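**Q** Attaching a single structure in structure tokens format; questions to follow.
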Amino acid sequence: MDGSHATASDERTTHARLQDLIETGRAVIGVIGLGYVGLPLVRAFAGSGFRCLGFDIDRSKVDRLKAGESYIGHVDASALASLIRAKRFEPTSDLLRLSEADCIIICVPTPLTDSRDPDLSYIEETARSIANTLRRGQLVVLESTTFPTTTRVAVWPILEATGLKCGTDYFLAYSPEREDPGNPLFQAATIPKVVGGFDDASAALACAMYGRAVVEVIRVSSLEVAEASKILENTYRAVNIALVNELKILYDKLGIDVWEVIDAAKSKPFGYQAFYPGPGLGGHCIPVDPFYLSWWARSHGEQTRFIELAGEINVHMPHYVVSRLAEFLNNQRKPINGSRIAILGVAYKKDVDDPRESPSFELMKLLLARGAELSYSDPHIPVLPKMRHYADLPAMRSDELTPAYLAAQDCVLIATDHSAFDFDFIVEHSKMVLDTRNATRHVSRGREKIRKA
Ligand SMILES: NC(=O)c1ccc[n+]([C@@H]2O[C@H](COP(=O)([O-])OP(=O)(O)OC[C@H]3O[C@@H](n4cnc5c(N)ncnc54)[C@H](O)[C@@H]3O)[C@@H](O)[C@H]2O)c1
-3 MDGSHATASD ERTTHARLQD LIETGRAVIG VIGLGYVGLP LVRAFAGSGF RCLGFDIDRS
57 KVDRLKAGES YIGHVDASAL ASLIRAKRFE PTSDLLRLSE ADCIIICVPT PLTDSRDPDL
117 SYIEETARSI ANTLRRGQLV VLESTTFPTT TRVAVWPILE ATGLKCGTDY FLAYSPERED
177 PGNPLFQAAT IPKVVGGFDD ASAALACAMY GRAVVEVIRV SSLEVAEASK ILENTYRAVN
237 IALVNELKIL YDKLGIDVWE VIDAAKSKPF GYQAFYPGPG LGGHCIPVDP FYLSWWARSH
297 GEQTRFIELA GEINVHMPHY VVSRLAEFLN NQRKPINGSR IAILGVAYKK DVDDPRESPS
357 FELMKLLLAR GAELSYSDPH IPVLPKMRHY ADLPAMRSDE LTPAYLAAQD CVLIATDHSA
417 FDFDFIVEHS KMVLDTRNAT RHVSRGREKI RKA
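For the sequence shown, this note's numbering begins at -3 and goes up steadily by one.
In structure tokens, the structure reads:
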């Protein structure tokens, strides 16, 4: 730690030196948190020629990376291994090596506490690790999703307590991550980055850094605008998904297929963006982030009624699916109690191996409470992971979708529409199929066995 203040010419040198390191690709990029966001980001920077240090306190992740493995399905192990061999990526758990990085990007989790308040402990702990070795000429960028003012109130004071001064000795910015795991059309390097700086110097350096690795950089006027833009994006999704979820229930009562309605509406070339209903919200972002904003609003004496209402509707969806399943079975003179039900898909969305906040866990809990004989199949999740809020679920392994397995089920419930599922085959061999994703839309034979929910 270097607590002495810089002179005016030192300041220019500090900034110019870092700018030069970035512009010539010689800056060392440190990424903290090698998860769904951090690992693709390493790939983007290392792929653009930078040397990257990847930090994670989870030693098993670091060991697996060093052994040439990837623990994230859509991040190619061989590409990471070749970056490691080329010495452009070095994973480590040694946070003291943060001093080696010229630019440090924070990609640690921002979950909710049990009382659904923001849990900033990961960000604060990371800020303390950075402060431990902070030196003149480092740029720190927070990427974790959070409410506006977090960088200024939770990160800046910890860094400033070192005696170094932001904007002259070190630099601080916020740039929200917009990763869409499993989307083959967009990866870290091809998604535009919004950047807000603590000051002009910080914003300029962060823009220069991202400009070397991503397709487009949008500079905004402050840290808070950048933070607020991310929460707007995710709240917009949560609210629009809630809207179509609510309409699904209404239209279904009237015998109208909501997916057909959405397909019709999206033919309008302007003013409408399609969102799709499902069995509930999942993933690390959409079910969580809007509550960061509503907590922040409450702490300022304001309300976010759209967020609360959307949350209520989305949380209700697994209950709606179970009520549809009960009706469907009832029509066959069967109760849920004792029926064999297979859940297809426990990842929160198509073609990913991420189970976080997946509605499949709530569906399992509700169905088990009603006495169902439950099993599941998910080629991306071979063993049911233990989830904090679903610790009582029994240990389960993914079953293979054989004709005999499907035929033995009283109902097959499609919760995630993975591309690996052959829906013609599934419908052909199942007695009944409850489809929460419109995954069976192209199935032509056996449609009488399908209900949507
Ligand atoms: N997953 C997504 O699709 C996505 C998309 C956009 C934004 N985000 C946001 O990005 C952030 C990270 O999300 P994620 O999905 O990558 O999470 P993740 O859980 O996959 O990865 C976070 C990693 O940080 C590590 N970590 C935790 N504390 C640490 C510490 N003190 N020092 C070093 N490493 C530490 C964990 O071991 C883990 O490997 C969150 O704020 C999230 O909201 C996620």
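For glycine and all other residues, C-beta sits at the position ideal for the given N, C-alpha and C. Please read all numbers here as calculations on a predicted model, not as lab measurements.
1) Specify, as a first and last residue, the run of the alpha helix (DSSP H) that Glu156 falls within.
2) In whole angstroms, what is the alpha-carbon distance linking Ala157 and Glu175?
3) In chain order, what residues of the same chain lie with their CB nearer than 8 Å to the CB of Leu155, ignoring the 5 residues before and after it?
4) Confirm the yes/no value for this check: CB of Ser56, any heavy atom of ligand 1, distance under 7 Å.
5) Hey, is Glu353 close to ligand 1, as in C-beta under 7 Å from one of its heavy atoms?
6) At a threshold of 7 Å, does Ile154 count as lining ligand 1 (C-beta to nearest heavy atom)?
7) Ignore the nearest five residues each way along the sequence and tell me which others in Ala40's own chain have a CB closer than 6 Å to its CB.
8) Going straight from the alpha carbon of Asp420 to that of Val429, what length do you get?
9) Looking only at its own chain, which residues have a Cβ that is under 6 Å from the Cβ of Ser218, when we skip the five neighbours before and after it?
10) Quick one: Cα of Gly(-1) to Cα of Glu121, how far?
11) In terms of alpha-carbon separation, which member of Lys226, Ser394, Val284 and Ser171 lies closest to Phe194?
12) Compute the minimum distance between the beta carbon of Asp59 and the heavy atoms of ligand 1, and state whether it is under 7 Å.
13) Buried or exposed: where does Lys57 fall if 16 or more other Cβ atoms within 10 Å of its Cβ makes it buried?
14) Per DSSP, what kind of secondary structure is Tyr401 in: helix, strand or coil?
15) Under the criterion of a Cβ to heavy atom distance below 7 Å, does Gly251 qualify as lining ligand 3?
16) With Val379 as the anchor, note down where its beta strand (DSSP E) starts and where it stops.
17) Here's a check: name, in chain order, each residue in its chain whose Cβ is nearer than 8 Å to the Cβ of Glu353, leaving out the five neighbours to either side.
18) Tell me which same chain residues have a C-beta within less than 7 Å of the C-beta of Ala197, skipping the five on either side of it?
19) Using CA atoms only, rank isn't needed, just tell me which of Met313, Asp259 and Asn230 is closest to Pro286.
20) Quick one: complete beta strand (DSSP E) runs, 3+ long, within the segment 211 to 263?
21) Starting from the C-beta of Thr9, find all residues in its chain whose C-beta is less than 6 Å away, skip the five residues before and the five after it, and write them out in chain order.
22) In chain order, which continuous runs of the alpha helix (DSSP H) of length 4 or greater are located wholly inside the segment 80 to 146?
23) So, is Tyr206 buried or exposed, given that buried needs 16 or more other C-beta atoms within 10 angstroms?
24) Of the choices Asp406, Tyr32, Thr20 and Asp418, whose alpha-carbon is the least far from that of Leu201?
25) Provide the residue span of the beta strand (DSSP E) that contains Phe421, from first to last.
26) According to DSSP, which residues form a beta bridge with Phe51?
27) Answer with buried or exposed for Glu298, where buried requires no fewer than 16 other C-beta atoms within 10 angstroms of its C-beta.
28) Taking 8 Å as the cut-off, does the segment 328 to 338 touch the segment 256 to 271 (at least 3 CB pairs, one atom from each stretch)?
29) Please work out which residues of its chain come closer than 8 Å, Cβ to Cβ, to Met(-3), disregarding the five sequence neighbours upstream and downstream, and give them in chain order.
30) For the alpha helix (DSSP H) holding Lys161, just list the boundary residues, first then last.
31) Excluding the five sequence neighbours on either side, which residues of its own chain have a C-beta within less than 8 Å of the C-beta of Ala416, listed in chain order?
32) Whole angstroms are fine: how far does the CA of Leu181 sit from the CA of Pro265?
33) Terminal residues of the continuous beta strand (DSSP E) containing Phe182?
34) From the DSSP output, in three-state form, read off Cys281 for me.
**A** In brief:
1) Position 160 of the sequence shown holds residue 156. Trp152 to Glu156 is the span of the alpha helix (DSSP H), which, as asked, contains Glu156.
2) What you label residue 157 is simply residue 161 of the sequence shown in a count that begins at 1. What you label residue 175 is simply residue 179 of the sequence shown in a count that begins at 1. Spanning the two alpha carbons is a distance of roughly 32 Å.
3) Counting from 1 along the sequence shown, the entry for residue 155 is found at position 159. These residues qualify, in order along the chain: Ala123, Ile126, Ala127, Leu130, Val136, Cys162, Tyr166 and Leu168.
4) Here the question's residue 56 lines up with position 60 in the sequence shown. Not so, every heavy atom of ligand 1 lies at least 7 Å from the Cβ.
5) Walking along the sequence shown from the start, residue 353 turns up at place 357. Flag unset: Cβ of Glu353 not near ligand 1.
6) The residue labelled residue 154 in the question sits at position 158 within the sequence shown. Not under cutoff, so the answer is no.
7) Here residue 40 refers to the residue found at position 44 when the sequence shown is read from its first residue. Correct list, in chain order: Ala184, Ala185 and Ala209.
8) Walking along the sequence shown from the start, residue 420 turns up at place 424. Walking along the sequence shown from the start, residue 429 turns up at place 433. Their backbone Cα atoms lie some 11 Å apart in a straight line.
9) For the purposes of this step, residue 218 is taken as residue 222 along the sequence shown, with counting starting at 1. Excluding five sequence positions before and after Ser218, the CB atoms of its chain that fall closer than 6 Å to its own CB belong to Gly192, given in chain order.
10) On the sequence shown, position 3 is the one that residue -1 refers to. On the sequence shown, position 125 is the one that residue 121 refers to. Legend: pLDDT at Gly(-1) = 47, less than 50; position of this residue unreliable, value from coordinates given subsequently. Going from the Cα of Gly(-1) to the Cα of Glu121 covers about 21 Å.
11) As a position in the sequence shown, residue 194 is number 198, starting the count at 1. Looking at the Cα atoms, Ser171 is the closest of the given residues.
12) Walking along the sequence shown from the start, residue 59 turns up at place 63. Not so, every heavy atom of ligand 1 lies at least 7 Å from the Cβ.
13) For the purposes of this step, residue 57 is taken as the residue at position 61 of the sequence shown. The residue is buried, with at least 16 neighbouring Cβ atoms inside 10 Å.
14) Along the sequence shown, one-based indexing puts residue 401 at 405. The answer is helix: DSSP assigns Tyr401 an H, G or I state.
15) You won't find ligand 3 in this model; what it holds is ligand 1.
16) For this step, residue 379 is matched to residue 383 along the sequence shown. Careful: Val379 lies outside any beta strand (DSSP E) and carries neither H nor E.
17) Sequence index remark: in the sequence shown, residue 353 carries index 357 (1-based). Result list for Glu353: Leu277, Gly278, Gly279, His280, Pro283, Val284 and Tyr344, in chain order.
18) Start at 1 with the first residue of the sequence shown, and residue 197 comes out as number 201. If we look at Ala197 and ignore the five residues flanking it on each side, its Cβ neighbours are His11, Gly163 and Phe167.
19) Taking the first residue of the sequence shown as position 1, residue 286 is located at position 290. Answer by Cα proximity: Asn230.
20) Note on the segment 211 to 263: whole beta strand (DSSP E) runs with a minimum of 3 residues are 213 to 216, in chain order.
21) Position 13 of the sequence shown, counting from 1, holds the residue named residue 9. The answer is none, since no qualifying residue turns up.
22) 117 to 129
23) Against the sequence shown, residue 206 aligns to sequence position 210. Its Cβ being crowded by 16 or more others within 10 Å, Tyr206 is buried.
24) Taking the sequence shown and counting its residues from 1, one reaches residue 201 at position 205. That would be Thr20, whose Cα lies nearest to the Cα of Leu201.
25) The sequence position of residue 421 within the sequence shown is 425, counting from 1. Counting along the chain, Phe421 falls outside any beta strand (DSSP E), though it belongs to the alpha helix (DSSP H) covering Phe419 to His425.
26) The residue labelled residue 51 in the question sits at position 55 within the sequence shown. Partner(s): Ile28 and Thr88.
27) As a working note, residue 298 is residue 302 in the sequence shown. Classification for Glu298: exposed.
28) With the cut-off at 8 Å, the segment 256 to 271 and the segment 328 to 338 do not touch.
29) Translated into positions along the sequence shown, residue -3 becomes position 1. Only weak support exists for where Met(-3) lies, its pLDDT of 45 falling under 50; the value from the coordinates is given anyway. Excluding the 5 residues flanking it on each side, Met(-3) has same chain C-beta neighbours closer than 8 Å at Ala127, Asn128, Thr129, Leu130, Arg131, Thr158, Gly159 and Leu160, in chain order.
30) In the sequence shown, the residue the question calls residue 161 occupies position 165. Neither: Lys161 is in no alpha helix (DSSP H) and is coded neither H nor E.
31) Within the sequence shown, the letter at position 420 stands for residue 416. Counting only Cβ-Cβ distances below 8 Å, and skipping sequence neighbours, we find Asp347, Pro375 and His376.
32) Position 269 of the sequence shown, counting from 1, holds the residue named residue 265. Position 185 of the sequence shown, counting from 1, holds the residue named residue 181. The straight-line gap from Cα to Cα measures roughly 21 Å.
33) If you number the sequence shown from 1, residue 182 lands on position 186. Per DSSP, Phe182 belongs to no beta strand (DSSP E) and is neither H nor E.
34) Your numbering for residue 281 matches position 285 in the sequence shown. Coil, per DSSP.
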